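Read through the structure below, which is laid out as structure tokens, and then see the notes.
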Amino acid sequence: MQNISSIYQNSSRPIVDRVDDLLNRMTLAEKIGQMTQAEKNSIPPEDVKNYYLGSVLSGGGGVPEVNTPETWREMVQSYIRPSLETRLAIPAIYGVDAVHGHNNVIDATIFPHNIGLGASRDTDLVRRIVQATARTLLATNVHWNFSPAVSVPQDIRWGRTYEGYSEDTDIVIQMSQAYLEGLQNPDLGDVNMLGCAKHFVGDGGTTWGTTKIPQWTLEGNWQVPDDMFKIDQGDTQLDEDELRKIHIAPYITAIDGGVRSVMVSHSMWNGVKMHAHKYLVTDVLKGEMGFTGFVVSDWMSINQISEDYYTCVVKAINAGIDMNMVPYDYKLFIQTLTKAVDAGDVTLERIDDAVRRILTVKFELGLFEQPYTHEQWLDYIGADDHRDLAREAAQKTATLLKNDNSALPLRSEQSILVAGQAADDIGLACGGWTISWQGMVGAITKGTTLLDGIRQHSENVTYSVDGSADERANVAVVVIAEDPYAEGIGDRPDLNITDEQKQLIRTTRTNCDKLVLVIYSGRPLIIADVLDDCDAVVAAWLPGSEASALADNLYGDVLFTAKLSYTWVESMEQLPRKNSGSAKWQVGHGLSL
Ligand code: BGC
Ligand code: BGC
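The numbering of the sequence shown is the numbering used here, which starts it at 1355 and goes up by one.
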């Protein structure tokens, strides 16, 4: 340990004094180290010490070899420990994407994705979910959550639509405000969490067909497949007034709400990469909007600025990026930035400003006093009350779009035919960013399915994956789902449900008197071709690990209260959002029983 008499180590001194004192003691190498973030599989823990790294992250699926809450805690600790062994003992901060619960950890509770929470309009629910999530993060020594996404998706073909609460800016603002209140107040003594508003700015406003991921940034010989990355990371073609009104507005509230980190968007604004956009990042965000926290880049995104890495580093840091999510070749980044400072292409003033921001936030979080959290908190992970909360959330996000012929509520004396693989699949109910980056089909973590829930309500239940049945049922519940995806891998040119899904509905229709369609999806899907075959339709979004709870909605034990936060379109012509005015189910639509 350092000599406690140094000002920066004295927690009773004002943070500005501590930062000044520490900054004065730091070498250039120590400063550039603070500005560097590596992903955990690319860095041996001792290099956190050797290169004075400021931060380490897990990307989606960046899990320990054996994935348990305990091994998570140890893994994170193994990266923080070397930072405490450096000359100045500046704690590294560990970051993850806990976008619907501590979602990389097996058996942690998985909450609904934001698209569902937007439909709930329930800010108190969001606050409680995030508070629960914050506790599980802190239990594993994670102090930084790359969340909330304050994106305002304008085109649901985007593979990140479900990460956004709504296509409507006001709804995004309300929900993300509640998110930050919950995240930043985990109610665990002095320990605290850092949120991250992302992706600054216009990530949800890109135009289909404008994505250009340079080949030099792709790993190995990987080529972007023709049907992916069509809108994710693309160009937001808007004038400044519209950009401010639709996409910048949520950042103003997030800053008011105390957010202390902002992640820059992979996308462009009118052809200029956000990672090189000094006007928006420095003049608008830090200057005009008064953001005094720090700005982090997105995953390897500065590399897209130019084929020449030196240019990338100079432009990105001068644009106002304070910490670089490198995430692989941290040595190259450190060398390059050092060279740029030596050459005078990046000033020491800019470096000091970046480091000052990062250190300020680390002091605010109390990391210098308490880099490790209590081991007993591991009990929060997957705890019963979190599962109850996830049940409540699934119920409050389920949106009833149609209910004819009194198809709902179901009654326990009815014979029920449950159809579709999704009815009994946890992975499909959780979607992307669950255990792995893209998410997976199957029993990927602990949880319950809608089929389990229905069986608790009725004795006469038949389950058929393809909808075939020997006997006719009073009611069929057909569950269809999008296969899990994340980011540009989920960009889709056509949102019509698949022919197999239509066939499933039609086959089931011949075996039931009434048919209830339940949809697990990260965005509205086009169901016009089968709508007449369905007496009732429920958009359950991506409900998470406690999907059995949805049965309580179907049986009328809890009310449907959710309202669409995205327009539900009937044809591809009604996309993007600006063409959706004539769609039958507008934002706000949602029936109750
Ligand atoms: C995503 C971010 C995420 C980061 C770390 C990026 O590719 O765009 O949303 O926080 O990876 O996983
Ligand atoms: C990581 C994600 C990240 C993505 C970006 C993946 O390998 O797991 O977290 O967002 O790369 O391309």
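Glycine included, C-beta positions come from ideal geometry on N, C-alpha and C.
Since this is a predicted model, take the numbers as computed values, not measurements.
| Residue nearest to I1808 in terms of C-alpha spacing, selected from K1800, S1822, A1783, Q1768 | Comparing C-alpha distances from I1808 to each of K1800, S1822, A1783, Q1768 shows the shortest one belongs to Q1768.
| request: Look at V1829 and A1905 and say whether their C-beta atoms are less than 8 Å apart. | output: Not a contact, by the Cβ cut-off of 8 Å.
| For ligand 1, residues whose Cβ lies under 5 Å from any non-hydrogen atom | Checking every Cβ against the heavy atoms of ligand 1 under 5 Å gives G1413, D1451, F1500, D1652, W1653.
| field | Every unbroken alpha helix (DSSP H) within the segment 1709-1783, with a cutoff of 4 residues, ordered by chain | value | DSSP runs (the alpha helix (DSSP H)) wholly in the segment 1709-1783: 1738-1751.
| query | Does DSSP put V1680 in a helix, in a strand, or in coil? | reply | Of the three classes helix, strand and coil, the one that applies to V1680 here is coil, per DSSP.
| Exposed or buried, what is K1599 when buried is set at 16 or more other beta-carbons lying within 10 Å of its beta-carbon? | It counts as exposed.
| message | Given the structure, does E1419 come close to ligand 2, in the sense that its CB is under 7 Å from one of the ligand's heavy atoms? | response | Distances between the C-beta of E1419 and the heavy atoms of ligand 2 are all 7 Å or more.
| field | Uninterrupted alpha helix (DSSP H) stretches inside the segment 1518-1567 (no shorter than 4 residues) | value | Correct list: 1523-1537.
| Of the choices I1527, D1867, I1434, whose alpha-carbon is the least far from that of H1497? | Considering only alpha carbons, the answer is I1434.
| said: What residue range does the alpha helix (DSSP H) around D1371 cover? | reply: Note, D1371: alpha helix (DSSP H), 1369-1379.
| E1517 beta carbon less than 8 Å from that of R1481 | Contact flag unset, no.
| Span of the alpha helix (DSSP H) around T1494 | Careful: T1494 lies outside any alpha helix (DSSP H) and carries neither H nor E.
| Who are the near neighbours of R1931 in its chain, counting only those whose CB is closer than 7 Å to its CB and skipping five residues on each side? | These residues qualify, in order along the chain: Q1508, D1509, E1521, T1921.
| query | Closer than 7 Å: is that where the CB of G1415 sits relative to any heavy atom of ligand 2? | reply | Yes, ligand 2 has a heavy atom inside 7 Å of this Cβ.
| message | Can you determine whether any heavy atom of ligand 2 sits closer than 7 Å to the C-beta of E1661, and answer yes or no? | response | Remark: the shortest separation between the CB of E1661 and any heavy atom of ligand 2 does not fall under 7 Å.
| request: Taking only heavy atoms of ligand 2 into account, decide whether any of them is closer than 7 Å to the Cβ of E1517. | output: The answer is no for E1517.
| field | Exposure of E1900, with buried meaning 16 or more beta-carbon neighbours within 10 Å | value | Sixteen is the threshold: when 16 or more other Cβ atoms of the shown chains lie within 10 Å of the Cβ of E1900, as they do, the residue is buried.
| W1576 Cβ short of 7 Å to ligand 2 heavy atom set | W1576 Cβ: outside cutoff for every heavy atom of ligand 2.
| Exposure of Q1730, with buried meaning 16 or more beta-carbon neighbours within 10 Å | Q1730 should be labelled exposed.
| said: Threshold first: 4 residues or longer. Then list the alpha helix (DSSP H) segments lying entirely within the segment 1383-1446, N to C. | reply: DSSP runs (the alpha helix (DSSP H)) wholly in the segment 1383-1446: 1399-1404, 1423-1438.
| Assigned exposure category for Q1356 - 16 Cβ within 10 Å defines buried | Only weak support is given to the placement of Q1356: the predicted model assigns it a pLDDT of 49, under 50, and the value that follows is read from those uncertain coordinates. Counting every other CB atom within 10 Å of its CB across the protein chains shown gives Q1356 a total below 16, marking it as exposed.
| field | Beta-carbon proximity list for W1653, same chain, < 7 Å, skipping 5 on both sides | value | Apart from sequence neighbours up to five positions away, the residues of its chain that approach W1653 with a beta-carbon distance below 7 Å are G1413, M1679, P1681, ordered along the chain.
| Candidates V1923, G1736, S1946: closest to K1917 by CA position | Comparing Cα positions, the closest option is S1946.
| query | Is the shortest distance between the beta-carbon of G1455 and the beta-carbons of chain B less than 8 Å? | reply | This model lacks chain B altogether; it includes just one protein chain.
| query | Who are the Cβ neighbours of Q1485 in its own chain at under 8 Å, not counting the five residues just before and after it? | reply | Result list for Q1485: G1536, L1537, N1539, P1540, D1541, in chain order.
| field | Terminal residues of the beta strand (DSSP E) in which V1832 lies | value | Element bounds for V1832: 1827-1835.
| message | Comparing C-alpha positions only, which one of I1675, A1673, G1898 sits nearest to E1746? | response | A check of alpha carbon separations from E1746 across I1675, A1673, G1898 identifies G1898 as the nearest.
| said: Along the chain, where does the beta strand (DSSP E) containing C1866 start, and where does it finish? | reply: Element bounds for C1866: 1866-1874.
| query | Within 10 angstroms of its Cβ, does E1384 collect 16 or more other Cβ (buried), or is it exposed? | reply | Flag for E1384 reads buried.
| Residue closest to I2010, alpha-carbon to alpha-carbon, out of K1868, T1714, L1743 | Within the shown structure, residues of the chain are numbered from 1355 to 1947, placing residue 2010 beyond reach of any answer.
| request: Identify the continuous alpha helix (DSSP H) that holds S1474 and give its terminal residues. | output: S1474 -> alpha helix (DSSP H) spans 1468-1474.
| task | Quick one: using the 10 Å Cβ neighbour count with 16 as the cut-off for buried, is W1576 buried or exposed? | result | Around the C-beta of W1576, fewer than 16 other C-beta atoms lie within 10 Å, and the residue is accordingly described as exposed.
| Per-residue DSSP class, three states only, for L1572 | Correct three-state label for L1572: coil.
| Local Cβ density within 10 Å of V1715, reported as buried at 16 or more and exposed below that | When all chains shown are included, V1715 counts as buried.
| Alpha carbon of L1592 to alpha carbon of G1558, nearest angstrom | Between the C-alpha atoms of L1592 and G1558 there is a straight-line separation of about 12 Å.
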